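Novice: Numbering (our numbering), first residue to last: 50 to 216. Beta carbons: idealized from backbone N, C-alpha and C, even for Gly. Quantities reported herein were computed from a predicted structural model and do not represent experimental measurements.
(1) Would you report the Cα separation of residue 135 and residue 88, rounded to the nearest angstrom?
(2) Grouping DSSP H, G and I as helix and E and B as strand, with all else coil, what is residue 204?
(3) Taking the alpha-carbon positions, what's the residue 62 to residue 75 distance?
(4) Can you grab the Cα-Cα spacing for the pair residue 212 / residue 127, in whole Å?
(5) Using DSSP with H/G/I as helix, E/B as strand and the rest coil, what is residue 126?
(6) Which residues bound the alpha helix (DSSP H) around residue 115?
(7) Please identify the residue among 96, 80 and 100 whose C-alpha is closest to the C-alpha of residue 54.
(8) What is the rounded straight-line gap between the Cα of residue 131 and the Cα of residue 137?
(9) Given a threshold of 16 other Cβ atoms within 10 Å of its Cβ, counted over all protein chains shown, does residue 156 qualify as buried or as exposed?
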């Protein structure tokens, strides 16, 4: 039970970093998604069943804080967590050997799926495919986003894994 309260606090910390600290540090464009990477690391280490309820609650709170349509982040988080949970049960996901490659692949896919979802989501009005590159900010922005997401992910992954071993 104590661990769940710590996870809630970490979720709020991730939202706080995403909404207040990163925009100031990075200027206009925010590179990376701290909250998505926290959810991803939690899903890999804890599993879909134990994280799903908290993703719904946290996603709704994140929607409210970020002035997004309520349910957007819930859908993104749920889809990413289910997909990653499905594959992480079948693959070795440790920070050694091929596990690192799988973890980086999860980060790339989660980043792409999140960006793609917000590109075609009805609330954002579907954009023509020729604006696809602009929506992602070009390849340079997308690769920077993946790099920062990987840094955020491995930071959260190590923290959550250490916390899981302690409790």
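Specialist: With the structure as the only source:
(1) As a working note, residue 135 is residue 86 in the chain shown. As a working note, residue 88 is residue 39 in the chain shown. Cα to Cα, residue 135 sits roughly 15 Å from residue 88.
(2) Taking the chain shown and counting its residues from 1, the one referred to as residue 204 is at position 155. Three-state DSSP puts residue 204 in a helix.
(3) Reading the chain shown from its first residue, position 13 is the one you call residue 62. Reading the chain shown from its first residue, position 26 is the one you call residue 75. Between residue 62 and residue 75, the C-alpha separation is close to 18 Å.
(4) Against the chain shown, residue 212 aligns to sequence position 163. Against the chain shown, residue 127 aligns to sequence position 78. Distance between the alpha carbons of residue 212 and residue 127: 23 Å.
(5) Within the chain shown, the letter at position 77 stands for residue 126. Under the three-state reduction of DSSP output, residue 126 falls in the helix class.
(6) One-based indexing of the chain shown puts residue 115 at position 66. Premise fails: residue 115 is in no alpha helix (DSSP H) and is neither H nor E.
(7) Your numbering for residue 54 matches position 5 in the chain shown. Per the Cα distances, 100.
(8) Within the chain shown, numbered from 1, the residue matching residue 131 stands at position 82. Within the chain shown, numbered from 1, the residue matching residue 137 stands at position 88. For residue 131 and residue 137, the distance between alpha carbons rounds to 10 Å.
(9) Translated into the one-based positions of the chain shown, residue 156 becomes position 107. Looking at its Cβ environment, which holds 16 or more other Cβ atoms inside 10 Å, residue 156 is buried.
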